[in-house]
Each structure stands twice: as structure tokens, then as C-alpha cells.
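Peer 1: This is the structure I have questions about; it appears just below.
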Amino acid sequence: MTPVIEFASVTITYPGAERPALAHVDLDIGEGELVLVVGQTGSGKTTLLRAINGLVPHFTGGTLAGSVRVAGRDTSTHRPRDLADVVGIVPQDPLSSFVTDTVEEELAYGMECLGVPASTMRRRVEETLDLLGLADVRDRALLSLSGGQRQRVAIGAVLTAHPRVLVLDEPTSALDPGAAEEVLAVLQRLVHDLGITVVLAEHRLERVLEYADRVIYVPGDARPLVVGTPAEVMQASPVAPPVVRLGRLAEWTPLPLSVRDARRQARDLRERLRQRPGRAHRTVSAEPVVTVERTRASYGPVPALRGVTLDIAKGEIVALMGRNGAGKSTLLSTLVGLRRPDAGTVRIDGVDPATLTGPRLIGRIGLVPQDSTDLLQRDSVAAECADADRDAGVEPGSTAALLARIAPEIPGDAHPRDLSEGQRLVLALAVVLVATPAVLLLDEPTRGLDYPTKERLSDLLRDLAASGHAIVVATHDVELAAETATRVVVLAEGEVVADGPTAEVVVGSPLFAPQVAKVLVGPDGGDVPLTVTEVRQALAVSG
Amino acid sequence: MTALDVRAPDATRHRRATRLARLLHPGAWWLWAAGLAVAASRMTNPLLLLLIVAVAGYVVAARRSPSPWARSFAVFLKLGLIVIAIRVVFQAIVAAPIGTTVIFTLPALTLPEIMAGVRLGGPVTLESMVAALYDGMRLATILICVGAANSLASPARLLKAVPAALYEFGLSVVVAVTFAPQLVADLDRVRTARRLRGRSVGGVRGTAAVALPVLEGALERSVTLAAAMDSRGYGRQAERTPLARHATAAALLSALVFVVIGAYALLDASAPAALGLPMLALGFALGIAGFALAGRRSVRTRYRPDPWSWPEWGVALCGVATGATLIAMSISGVPGLIAPVDPLGWPAVPPLAVAGILISVLPAVIAPPAPGLRVRAEVSE
């Protein structure tokens, strides 16, 4: 197999950085491979991806020692635009990369730049529309598309140039499980039918690991990369999906990479777990702190919530799930009083949140928005903490003390933008929590978080719930829901379609079931553990 | 399924088989509208101006495109009314009155000598009001012609049809248009975040605190966009000699100068008419040469360019004919284009002018029907 991407002792150093972001990388990627790049946040995954088409260093600055060659072209002599016909790169947020305003124009844009003849362009656009299932939305404005459609348009837009390599940075992180599967199905088709080389970085390994031919683990701090088959790399990788961690725990060989592999080896474990004691139901106080009654809300003529009724008590962690556009974010903004419902009542602690402002609002309910940087507007962590003290009307130094307790490693003089995704989230949490809100809302908190950071977040949320906060997490991340939530509420088309204890709601569902439950559920269904931690505890009890 | 099936909807079934529904080349509509606007600029006769508005309105109703822009015609009509109102009020307050028929008298105020002794207020005459009304109508009609072009062919589509040399300009407009809604979304998010931290969102301090993060966000987004465009091959260029570069610049610059002089001579009735057309023609010729030279630099090709065939010729020629008729009439001093103001009188209706304007109603038939319902329904979702 001839390599289409060759890294020869590549060292990349950003300007002003003490250490190189990547050091002495030697890597060959062959034609038609699907390579998965994994690693913790900030480890250099994106740098590796962007070096493939020369965005690093041509666009970002810094120095690149060694050589990167793609299809025989050296990136030191070829700028990204000169590689556009061999490498297609899809950035994290597709919307920010769109140049035109409609689907068809966007698909044609790259070809126009490359000077592809009009008749060829026409043919390729039609082919791509069919290949990616976008024919129905060809005339639509890009802004009006759903998340999964946007991601597919972004893939199609680079695909029309017929590149030999497709590079994707977290293509499914913002998508609900259903839309993520659409996108992954497309990628697989490209690899299988067209022989395109796909390099993708992803945090949600449970979604992609089984499709990968090879895995590159980027350990960060310029340590050498670990490259190998998924099974080899997953033996030791600190970032690993639940199914792999379950396999390690049960000492299965070969290590299972997909639910299907694992189920074949799971019979014994299923038997052993059958005797475990039933799940101890955490008791929650009966008195609801959030009451939502027959609430309706709409955007113009489009209804977003159609009569939602919901009570949430202290100590509960509620996972709010459902596909993009199901009304999750609308419900959160209604809860925090940002929008008044068209009908129905919303009460936090017996008060209508829309009538509250300032400390009276943030003392009752706090929301960490999807992009936690929105909350952070100062240029240092310390200034941010001081602001938060003032906003909440608490003693100076309270936020800093709280932050030191939950994340002691965050330096006070750092700029919030320089923190890692996880650190920023924790800082935003501290800023919100210092006002001691009775209710804490989080919108999609695990976007861009690696497994260790996610675990820390889960621990933190459980502690908060135990100390009496009511928590609502809107998320697509079924694993997070399984780890933390005491209750799952599924929204669809603005209505509550399922509401109950986590295990009851997720186990039966093909989309919302966590991997461990999918592996361990028997033919008769029943009570199964949802997470690796639960399995470990159960095994410890039964010996 | 080919694109043709999608683009040509059921509407064709009801027409004779040969009329394929399609969008006319945007350039044709803009030329047509420019002809009407030029015609309007040569007259103050309210009846003829109303006729031009009626013609524009009829064609828009018959052939407007299915894009959301198409609904903008009504906005331009309202804008026209506002222009007339402003013109009339301005006349009443500031300008010196014409004629003697005083309707009412405003309290007068003469500004001191240093401000040129401008007089505010004073007697308001019927003649000056009518003159202002006519003048306002002329401005409003020109505006409505632009509105007609706007709803028949969106400016975005027109920009896509510009020559390769102007491509960057067109692109920046398209990018700006898509940026605007995202800026609004950013603004919303930052204001939300301020509320979430229990701070005020109104007032000077609130606004200032919101502006910075929004700008930061916009900057970040433009860097991302630039990276994305570069990765997709934007800015690939063919090799060029310095001579070609200089020739291009010289041709384009002198073209601009000639066109400005020519247009001024043509539109200002007091300038020598002989100067106008030749200068304009020379300017356009140089411009075309310049664009052709500049276009060679770019390797880009165009996806589904709008075709230019006989309906385009027809529509454009109708507009040109209207404009040319009225210019010829005004140069040769045919009476009736300027309505009598002092003394007041009922405006005449010169038959030649009416005929010239009515030519421009033909595009309602010449142009193919706009495609549509499928697309329209989706856009309005």
C-alpha cells in the first residue's frame, strides 16, 4: 500500500510556546485507510490534522521541522490552496466554514476555485447530493439546515473537489446520536466505495472506534505518538470508550471494540451479574424545586414546546435528551426566565423566574450555556472570580476558594481562552455555583471533553446533587446520562415522550442506551448495569 | 433525477409546452430597471411617473423570483412614500417658496449671517408644495425601479454574475450578508450570558460590555472562514506579468473616469449632449477590456451560470428603449415631460412618452415564468 500521507520526523512549534506541540512524528497513512486520531483535549490532535493540508504552519504561524507530504506534494512548498484538490478538511463547526448561502452553491464553491469545467461541476454536484442524501435540501439556505445536514454539506463541499484525503475534526461532537450515525454511515461509504483516505479526530470513541482501521493516540506534551490497530492502542489508552473499559475489566481477549464484539464474550459476565443486588434507588426529597406546568413556547409560527409538564426535586440529576431541535434549549431558557412561555407556568422555588433579575435570579437558578466562554468575559481567571463575587454579592474570594476546591490546577493569572475546554467549563461552573443556586442547568456540557475530564465532571455533579442542588443536564451524550443522571426526560417535537429513572428509560432504547447496557442486556431485558463503574462495584460485591 | 426536473415545477404543465420556467439572467432585469429609472429621472410629470410605477409593479407581479428577496417590492413602495413625505416637509420648512398661492404660514426664523442667512419657516405656497411633491415622486419612482429589479433578481444573484475581476467584491458582500444573522445570534448569546450572571443588559455600560465579546467572536469567525476558504482553493492564481497587471489597472481606472463623465453628461440635461454617449461608450469599452484582462488571472470557473439568450435580450432592450425614448424626448425638448408648476396646471400626456414607457411592460410576457412553488414553499419555512 503506497502511503498518501507521509510525516517524516515532523516537529511543530507554535510561536511563543516553550515546547513543541508535536515532536518527531513519523507517520505513513495509506490509500483508503480510515484513521482515528484520539487524545485528551489540547494534546495536539487538531495540530496534527491541520498539518496535513498545510494550515499548520502556513495559516497558524509557528515552525514545522521535517516534512509532510500529501500525494507527493510537500506542504512546505504547497500552501493549503495548492493542496485543495487532494485534501479536503472539514473543521469542527461546519457553519463557520461555509462561504456561500445555499447547499448547491456551497457544494460547487471548491470546484469553482479549482477551475473545474462547468459540465463536470454539474455532474459532481448531482452525484454528491445523492451520495450524501442531500437532494431534498439542495435549494435550502445553509442556516436553515439541521446539525446533521450541515455536517453532511460540509463533507460534501470538500468531497466535490474529489480529494484523495478527507480530514475531519470532531465531526459528530455536536450531533445527537441519530444524526451522528448518518454522518458516520456516509464516511464509511466513502472509504468502502470510493477508496478515500479518512483521518478523523473524535472524543466520542464509542461512536467511531469500530469503523477505524488504525488509531493514532496523541498523548500530548510532545510525547511520541502511539500508532496501531484499534485493539493494540486501546489496550493501554487512557481515553477509551466504555465497551473497551468493560473488556479490560472483564479481561476479555481479544479486546472488544464494538458492542457486537463484546456481546459475544459477555455471557459469563451476564451470568455473574445476575446475582447482584438490585440497584439502590437514591431517595430524593418529594418536594419539587422546579415545577413546569403545561408550558408552551414557540418561535413565530413554529412551536418549540407543546404543553410540557415536569417536576424536579432537590438532589435529582435530570438528563434532558432528544434530537437537535426537540426543544431542550428552549426548555432551559424558559426555566432560567430568558423567555416567557406562551402559556402555562414555570416556577423555581415558587417564583416565576422571568420576574427575577440580578442576585435574586442567580441565587435561585444558574445556567452554564453550551459554549461556556460566553459566560467568561474578563482577561484573567482571577478577575473573572472577583466579578462573580460581586455579581452574587458574596464575600470577596469566595469564587476563587470554590474554584481551588474543585479544580486546584487552574492558575489565577491565566486567560480564560487559554484554558482547556474542560478547565473553562469548571471555571464557568464555579462562577455560576458561587451564588449557590438551588437549581443548576447545563447545556451540552461534554462537547469537546475527553473521558477523564468527563469523569471529573460526573463526580462533581453527583457531589452537587448530594449537597441538595437540583441539576438538569441537556445532553446528547448517552454515556454521561448513564454515569450521572437519576432520571431521564426525553423530548421530541416539544413534548415529553419519556420520563423516568435512567435505567428504565435508556435500556430499552436503541439510541439512548449506553454501551455497557447494550452489551449486558439479556434477551429478557431486565435490570442491567449502565456503566463500567456499576459493573466494577457489582463484581466487587459478588467477589 | 436531474436538476431540471427539480427546477421546472408543475407550472410548466399549464403553459404551452415550450415555455420552460426559469429565472431570467439577473443582468437583464437590472438593465430593464435601469432603463425605467433613467426615464423617470428625466421627468416630473406625475402621470407619467405613476405609469412607470404601474409598469414596474405589473412586471414584478407577473415575473418575480421565488426568493425571499421577492417580497421586498412592497418595502420599496413604502420607502417611496416616505421619500415623498420627507421631500415635501423639507420644502415647507427650509426651501424658498415658488409662486404666490399661500396655503398657510409657518413661524419664520432667519438664521444669522454666518449661516448664509438661511430662512426657516415662513409662508408655504401651493406651487412649491406641488413642485416638491413632483420632485419627491421622481425620486420615489427611481427607488421603486431599483426595488423592482431587487425583487425580480436578488442582488446576490447579480453579484454571482459579475465578471471574474469583480469576484472578490461579490464574495465579500455574500459573506457579509451571511455574517449578519450570525452577529445577531452572537449578540443574543452574550446578552443572555450577562443576564445569567445577574448583570444588567441595558444602558451604556451594558452595551459596551456586550460589544467587545461580540467583536471578538466575529474576528474569530472570520479567521476560521479564511482558513476554510484557503483550504478549499480560494485564491489560486495563474501566473501574470507585471505589464499585464499595469495594463489592467490603467484600463479599469480610465474606464471608471469616462463612465462617470459620460453618465453625468447624459443625466444632467444642461450638459452638452454630444459629450455623453461617446464618453459612456468609450468607458464601457475600456471597462470590458480591463475586466477581460483581470479575469485571466483567475483560474476559477462558474457553476451553473445563468444563460443569456433571447428573452434576456428582449427584456434588456425593452428597458433600454424606454430610457432612450425619454432621453431623446428630453434632449430635443418635447413638451410635457416637466409638469407645469408656476402657474399650476394639469400635466399633459405626451403620447410618445406613454408609448416609450409602455414598451417596458412587455417583459411581463417576454420573460419566461419564474420557477417556483416548491422552492418558494421551502424558503418561507
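So the protein lines, in turn, are chains E and V. Each residue of the first sequence is one higher than the one before, starting from 1 at the first, in the working numbering. Each residue of the second sequence is one higher than the one before, starting from 1001 at the first, in the working numbering. Using N, Cα and C, we set each Cβ at its ideal position, and we do this for glycine too.
(1) Does V:ARG1296 get closer than 8 Å to chain E when you measure Cβ to Cβ?
(2) When the distance is taken between beta carbons, is E:TYR14 closer than 8 Å to E:THR60?
(3) In chain order, which beta strand (DSSP E) runs of at least 3 residues are fully inside the segment 1091-1148 of chain V?
(4) Buried or exposed, going by whether 16 or more other CB atoms sit within 10 Å of the CB of V:MET1001?
(5) Considering just the uninterrupted stretch of the alpha helix (DSSP H) at E:ARG248, what are its terminal residues?
(6) Which residues in the same chain as E:PRO73 place their Cβ atom closer than 8 Å to its Cβ, once the five residues preceding and following it in sequence are excluded?
(7) Can you have a look at V:GLN1237 and say buried or exposed, based on whether 16 or more other CB atoms are within 10 angstroms of its CB?
(8) Is the Cβ-Cβ distance between E:VAL4 and E:ALA71 less than 8 Å?
(9) Beta-carbon of V:ARG1071 versus every beta-carbon of chain E: anything under 8 Å?
(10) Is the segment 486-497 of chain E touching the segment 299-315 of chain E, taking contact as three or more C-beta pairs under 8 Å?
(11) Nearest CA to the CA of V:ARG1245: which residue from V:ARG1232, V:TYR1134, V:TYR1264 and V:PHE1291?
(12) Can you list the residues of chain V that E:ALA369 reaches, using a CB-CB cut of under 9 Å?
(13) Can you grab the Cα-Cα spacing for the pair E:GLU395 / E:VAL431, in whole Å?
(14) Within the segment 462-526 of chain E, note down every full beta strand (DSSP E) run reaching 3 residues or more, in order along the chain.
(15) Cα separation between V:LEU1050 and V:VAL1260?
(16) Identify whether E:PHE59 lies in helix, strand or coil by the three-state DSSP scheme.
(17) E:ILE12 to E:ARG294, Cα distance in whole Å?
(18) Would you list, in chain order, the members of the segment 1230-1246 of chain V that have their beta-carbon closer than 8 Å to a beta-carbon of chain E?
(19) So which residues on chain E does V:PRO1213 lean against when the C-beta distance must stay under 8 Å?
(20) Give the range of the beta strand (DSSP E) segment to which E:MET321 is assigned.
(21) To the nearest angstrom, report how far apart E:PRO341 and V:LEU1048 are at their CA atoms.
(22) Measuring CA to CA, which of V:LEU1183, V:ARG1221 and V:ARG1197 is closest to V:ALA1211?
(23) At a Cβ threshold of 8 Å, is V:ARG1064 touching chain E?
(24) How would you list, in chain order, the residues of chain E whose beta-carbon sits under 8 Å from the beta-carbon of V:VAL1175?
(25) Chain V partners of E:TYR109, CB-CB under 7 Å?
(26) Along the chain, where does the alpha helix (DSSP H) containing E:ASP391 start, and where does it finish?
(27) Counting only Cβ pairs nearer than 9 Å, list the residues of chain E close to V:ARG1157.
(28) Hey, would you say E:VAL116 sits closer than 8 Å to E:GLU106, going by beta carbons?
(29) Determine the direct distance from the alpha carbon of E:GLY247 to that of E:ARG272, and round the result to whole angstroms.
(30) V:ALA1370 CB to nearest chain E CB: under 8 Å?
(31) Excluding the 5 residues flanking V:ARG1016 on each side, which residues of the same chain have their C-beta closer than 7 Å to its C-beta?
(32) Who are E:SER298's beta bridge partners in DSSP?
(33) Could you check the C-alpha separation between E:VAL137 and E:GLY147 for me, to the nearest Å?
(34) Against chain E, with Cβ distances strictly below 8 Å, would V:ARG956 count as a contact?
(35) Might you give, ordered along the chain, the residues of its own chain that have their beta carbon closer than 8 Å to the beta carbon of E:LEU142, omitting 5 neighbours on each side?
(36) Buried or exposed for E:LYS314, please, with buried defined as at least 16 other CB atoms from any protein chain shown within 10 angstroms of its CB.
Peer 2: Put simply:
(1) no
(2) yes
(3) 1102-1110 and 1119-1125
(4) Because the pLDDT of V:MET1001 is 39, which lies under 50, any placement of that residue in the model is unreliable, and the number read from its coordinates should be weighed accordingly. So V:MET1001 ends up on the exposed side.
(5) 242-249
(6) With the sequence shown as reference, residue 73 of chain E is identified as Arg, and Pro is not the correct amino acid for it. Closer than 8 Å at Cβ, skipping near neighbours: ASP82, LEU83 and VAL86.
(7) exposed
(8) yes
(9) no
(10) By the Cβ test, the segment 486-497 of chain E is in contact with the segment 299-315 of chain E, since at least three Cβ pairs between them sit closer than 8 Å.
(11) V:PHE1291
(12) Note that residue 369 of chain E is Pro in the sequence shown here, rather than Ala. Per Cβ cutoff of 9 Å: ARG1189, THR1192, ALA1193 and LEU1196.
(13) 13 Å
(14) 470-474, 487-492 and 495-501
(15) Looking at the two C-alpha atoms, the distance is approximately 29 Å.
(16) coil
(17) Taking the straight line from one Cα to the other gives about 56 Å.
(18) ASP1230, SER1231, ARG1232, GLY1233, TYR1234, GLY1235 and ARG1236
(19) ASP374 and GLN377
(20) 317-321
(21) 53 Å
(22) V:LEU1183
(23) no
(24) Under the 8 Å cutoff, chain E gives VAL99.
(25) ARG1232
(26) For E:ASP391, the uninterrupted alpha helix (DSSP H) run begins and ends at 381-392, by DSSP.
(27) Under the 9 Å cutoff, chain E gives no residues; its nearest Cβ is about 10 Å from V:ARG1157.
(28) no
(29) 15 Å
(30) no
(31) In this prediction, V:ARG1016 has a pLDDT of 45, which is less than 50 and means its spatial position is unreliable; what the coordinates show is noted afterwards. None.
(32) E:PRO303
(33) In this structure, the CA atom of E:VAL137 is about 13 Å from the CA atom of E:GLY147.
(34) Coverage of chain V is limited to positions 1001 through 1381, which leaves residue 956 of chain V absent and any answer about it impossible.
(35) Hits under 8 Å: LEU95, PHE98, THR100, ASP101, THR102, VAL103, GLU106, ARG150 and VAL153.
(36) buried
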